[in-house]
Amino acid sequence: MRYIKTRGYLLGVVMVISLLVLCDCGKKKEEAPPPPATRAAEAVSEDETAGIRLRQSKSGSVLILEEKTEVKTAKGEPSRKDAGLSDRPVAPLPSGYKAFRDQHVRLYVKDVPAGLKDAVMVAQAASGQLINYPIKGFKNMGPNEKTLVFDARTYPVFIKKLETLGKVEQPEVGPSDFITVRLTVLAQE
Numbered sequence: 001m002r003y004i005k006t007r008g009y010l011l012g013v014v015m016v017i018s019l020l021v022l023c024d025c026g027k028k029k030e031e032a033p034p035p036p037a038t039r040a041a042e043a044v045s046e047d048e049t050a051g052i053r054l055r056q057s058k059s060g061s062v063l064i065l066e067e068k069t070e071v072k073t074a075k076g077e078p079s080r081k082d083a084g085l086s087d088r089p090v091a092p093l094p095s096g097y098k099a100f101r102d103q104h105v106r107l108y109v110k111d112v113p114a115g116l117k118d119a120v121m122v123a124q125a126a127s128g129q130l131i132n133y134p135i136k137g138f139k140n141m142g143p144n145e146k147t148l149v150f151d152a153r154t155y156p157v158f159i160k161k162l163e164t165l166g167k168v169e170q171p172e173v174g175p176s177d178f179i180t181v182r183l184t185v186l187a188q189e
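Written as structure tokens, this is what we have:
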């Protein structure tokens, strides 16, 4: 009976030592130095990688590629949509910024129906979208008027192409993401 108890203790001690050895081996593998760089990595010049930095994400399983900038900005609060997933600062919006801007553009042409048709084709070629249903702020639309929506980046292209059709009158646009346009085609005097 005494032999069985001693054998049980020895077996328990051996198992504990085995577990400790296995745990220590795992830590040694994590602390091992990184493998030597390959020749392909050495071929990349410092100029190519000067503005690039990799950092580890909070979970540790993903590397994030960041570009270094020369101008250092003060660290701001993370975006509300970010939900604490990163530590990127919120970019300040320009003064007078609105997500959507309304714009009234007048186009003066010799032939109104043909000019309206051509203006809609120019708008669609410049990534504009025609809206055929009534929207707030664009009521009482006449037969020679159309409502269009543009991304703010493609709106200047639309205006330049529209100027090839005739005389264009439009107020200046403030900073925004999207522009809703009330396009009115009028007869040239």
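Residue 1 is where the sequence shown starts when you use the working numbering, and the numbers rise one by one after that.
Backbone N, C-alpha and C define an ideal beta-carbon position, used for all residues, glycine too.
On a predicted model such as this, the values are computed, not experimentally measured, just so you know.
Check                                                                                                          : Outcome
Alpha carbon of lysine 72 to alpha carbon of alanine 99, nearest angstrom                                      : Low confidence applies to lysine 72: its pLDDT is 48, below 50, so where it sits in the model is not reliable enough to give any reading.
Backbone secondary structure at valine 149 - three-state DSSP                                                  : strand
Inter-residue Cα distance where the pair is lysine 117 and glutamate 169                                       : 18 Å
Residue environment, phenylalanine 158, which counts as buried when at least 16 other CB atoms sit within 10 Å : buried
Residues bridged to arginine 101 [DSSP beta-bridge criterion]                                                  : Ile179
Identity of the residue in Thr184, Leu22, Ala119 and Pro94 nearest methionine 141 by Cα                        : Thr184
Best match in Tyr97, Gln188, Tyr155 and Gly12 for proximity to glycine 128 [C-alpha to C-alpha]                : Tyr155
Cross-strand partners of alanine 187 (DSSP beta bridge)                                                        : Val109
Close Cβ partners of lysine 110 (< 8 Å) along its chain, the five nearest in sequence each way excluded        : Gly166, Ala187 and Gln188
Length at least 3, wholly inside the segment 114-166: the beta strand (DSSP E) runs in chain order             : 129-131 and 145-151
Nearest-angstrom Cβ-Cβ length linking valine 122 and lysine 161, presumed shorter than 8 Å                     : 5 Å
Inter-residue Cα distance where the pair is glutamate 172 and aspartate 151                                    : 16 Å
C-alpha distance - alanine 114 paired with alanine 125, whole-angstrom precision                               : 17 Å
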